[in-house]
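**Q** Quick one: the structure is below, and I'll ask about it shortly.
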Amino acid sequence: MRLKKVLAVGLAAVMGISLVACGGGNKKDSKEKTYKIASDTTFTPFEFEDKDGNRVGIDLDLLEAIAKEEGFKYKVTAVGFDAAMASVESGQSDGMIAGMSITKERKQKYDFSEAYYDSKVAFAVKMGGKTFDNIKDKKKAEKEALSSLKGKTVAAKVGTVGATYANENAEKYGYKVRQFKDSPTMYQAVLTGNAAACFEDFPVISYQIGQKNLKLQVAFTSESGSQYGFAVKKGKNSELVEKFNSGLKKIKDNGKYQEIVDKYTKTK
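Quick note: our numbering has the sequence shown finishing at residue 268, numbered continuously throughout.
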């Protein structure tokens, strides 16, 4: 989960790269509303550009599958996370999907769908290092994993749940946390030996390892994390949330959901 602050955004909130799709599950009148959906510009593997310049990712693939099941039209505009939130709040967008964590604070401004992804915190080490995920007792695994970092320096990305988790446990387990502004630099710190491990959202690190051949391995995945949800302005577009929830259930039942998630997160 990314913990981001809402920035003051003007007209730029509606500028960005657009993607149009139409659900094919049910035939609708040609005058049917096309929902305006805001998204982030890049949050791999949830939304990003592939090598051919196409916008892809878990969020976009899920939205496409859900729209197909429910038969609604939509247009995605990639404006960035903060701008997407501002766009929904101002009514310029009907909803947003951008790896957005469901929090009590955000529920005051937005109505959320059912959680479509549970994101856990993982810490990764250099390839060949010791792993702890094979320990069945999760509390024991967590204790052993974090204890292995005693006296060492670990890396975390500023503003993430991974950073929060790392900092919350630092004093107890006797390690130091060094924070980085971006993931690539954080990964490099581990690869060069300047950090013993890095803390990251599991889907983010697993994509880098599985799809980008990053020479790291997940040593431990915590039970802590957050849930991502599709969001609309509070009190608005309730029918869109209902369609999202209905479609989400259908693609989970028919296996499409897991197919999409596995496509981006499998490490083997």
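Glycine included, C-beta positions come from ideal geometry on N, C-alpha and C.
Take every Cβ of the stretch 96–116, pair it with every Cβ of the stretch 31–47, and state whether three or more of those distances are shorter than 8 Å.
**A** yes
**Q** As a quick exercise: from I66, E114 and N237, pick the residue whose alpha carbon is nearest that of K250.
**A** In the sequence shown, the residue the question calls residue 250 occupies position 250. Nearest option by C-alpha distance: I66.
**Q** In chain order, what residues of the same chain have a beta carbon less than 7 Å from the beta carbon of L214, not counting five sequence neighbours either side?
**A** Locating residue 214 in the sequence shown gives position 214, counting from the first residue. Excluding residues within five positions, the ones whose Cβ falls inside 7 Å are Y187 and Q208.
**Q** Which two residues bound the contiguous beta strand (DSSP E) that contains S183?
**A** Translated into positions along the sequence shown, residue 183 becomes position 183. Run containing S183: none in the beta strand (DSSP E); it sits in the alpha helix (DSSP H), S183 to L191.
**Q** Which whole-angstrom value is the C-beta distance of K36 and T77, which I expect to be below 8 Å?
**A** Sequence index remark: in the sequence shown, residue 36 carries index 36 (1-based). Sequence index remark: in the sequence shown, residue 77 carries index 77 (1-based). Their Cβ separation, rounded to whole angstroms, is 7 Å, which keeps K36 and T77 in contact under 8 Å.
**Q** Out of K256, M85, A141 and S119, which has the shortest C-alpha to C-alpha gap to T160?
**A** Position 160 of the sequence shown holds residue 160. When only C-alpha atoms are compared, the closest one is S119.
**Q** List the DSSP bridge partners of E49.
**A** Looking up residue 49 in the sequence shown gives position 49. According to DSSP, which records beta bridges pairwise, E49 is partnered with R55.
**Q** Identify the residues that DSSP records as bridge partners of Y257: which are they?
**A** Start at 1 with the first residue of the sequence shown, and residue 257 comes out as number 257. Per DSSP, none; premise fails for Y257.
**Q** For K28, name the three-state secondary structure that DSSP assigns.
**A** In the sequence shown, the residue the question calls residue 28 occupies position 28. Low local confidence applies: a pLDDT of 47 at K28 is under 50, so the model's placement there is unreliable, and no value is given.
**Q** Measuring CA to CA, which of V154, K73, F46 and A163 is closest to K126?
**A** Along the sequence shown, read from residue 1 onward, the residue named residue 126 stands at position 126. Closest option to K126, Cα to Cα, is V154.
**Q** With H, G and I counted as helix, E and B as strand and the rest as coil, what does DSSP make of A219?
**A** Taking the first residue of the sequence shown as position 1, residue 219 is located at position 219. Reduced to three states, the DSSP call for A219 is strand.
**Q** Measuring only the C-alpha atoms, how far is K107 from K234?
**A** In the sequence shown, the residue the question calls residue 107 occupies position 107. In the sequence shown, the residue the question calls residue 234 occupies position 234. Roughly 8 Å between the two C-alpha positions.
**Q** Between N169 and L146, is the Cβ-Cβ spacing less than 8 Å?
**A** Here residue 169 corresponds to residue number 169 of the sequence shown, with the count starting at 1. Here residue 146 corresponds to residue number 146 of the sequence shown, with the count starting at 1. Cβ distance < 8 Å, so N169 and L146 count as in contact.
**Q** Over the uninterrupted alpha helix (DSSP H) stretch that includes I292, give me the two end residues.
**A** Outside the displayed range of the chain (1 to 268) lies residue 292, so it cannot be described from this structure.
**Q** If you run the structure through DSSP and keep just helix, strand and coil, what is I66?
**A** Numbered from 1 along the sequence shown, position 66 holds the residue referred to as residue 66. Taken through DSSP and simplified to helix, strand or coil, I66 comes out as helix.
**Q** Of all the beta strand (DSSP E) runs that stay within the bounds of the stretch 74–134, which reach a length of 3 or more residues?
**A** 110–112 and 117–126
**Q** Restricting to Cα atoms, I'd like to know which of L149, D52 and Q227 is closest to Y175.
**A** The residue given as residue 175 occupies position 175 in the sequence shown. The shortest Cα separation from Y175 among L149, D52 and Q227 belongs to L149.
**Q** Keeping to the same chain, check which residues put their C-beta closer than 6 Å to that of K27; ignore five residues upstream and five downstream.
**A** As a position in the sequence shown, residue 27 is number 27, starting the count at 1. The pLDDT assigned to K27 is 45, lower than 50, so where the model puts this residue is not dependable; a value taken from the coordinates is nonetheless given after this. There are no such residues.
**Q** Given a threshold of 16 other Cβ atoms within 10 Å of its Cβ, counted over all protein chains shown, does A12 qualify as buried or as exposed?
**A** Working through the sequence shown from its first residue, we reach residue 12 at position 12. Low per-residue confidence applies at A12: pLDDT is 41, beneath 50, and the placement is therefore not dependable, though the value from the model is reported in the following sentence. So A12 ends up on the exposed side.
**Q** Please confirm whether T44 and V177 have their CB atoms less than 8 Å apart.
**A** For this step, residue 44 is matched to residue 44 along the sequence shown. For this step, residue 177 is matched to residue 177 along the sequence shown. Going by C-beta atoms, T44 is not nearer than 8 Å to V177.
**Q** For C198, which option in R55, S226, G53 and V158 has the closest C-alpha, if you only look at C-alpha atoms?
**A** Walking along the sequence shown from the start, residue 198 turns up at place 198. Closest option to C198, Cα to Cα, is V158.
**Q** State the beta-bridge partners of F180 as determined by DSSP.
**A** Here the question's residue 180 lines up with position 180 in the sequence shown. Paired residues: K157.
**Q** Report yes if the CB atom of A195 is closer than 8 Å to the CB atom of V88, and no otherwise.
**A** Here the question's residue 195 lines up with position 195 in the sequence shown. Here the question's residue 88 lines up with position 88 in the sequence shown. Contact: no.
**Q** Classify T42 as helix, strand or coil using the three-state DSSP reduction.
**A** Reading the sequence shown from its first residue, position 42 is the one you call residue 42. Coil at T42, not helix or strand.
**Q** Could you tell me the distance, in whole angstroms, from the CA atom of T192 to the CA atom of K181?
**A** Counted from its first residue, the sequence shown places residue 192 at position 192. Counted from its first residue, the sequence shown places residue 181 at position 181. Distance from the CA atom of T192 to the CA atom of K181, rounded to whole angstroms, is 17 Å.
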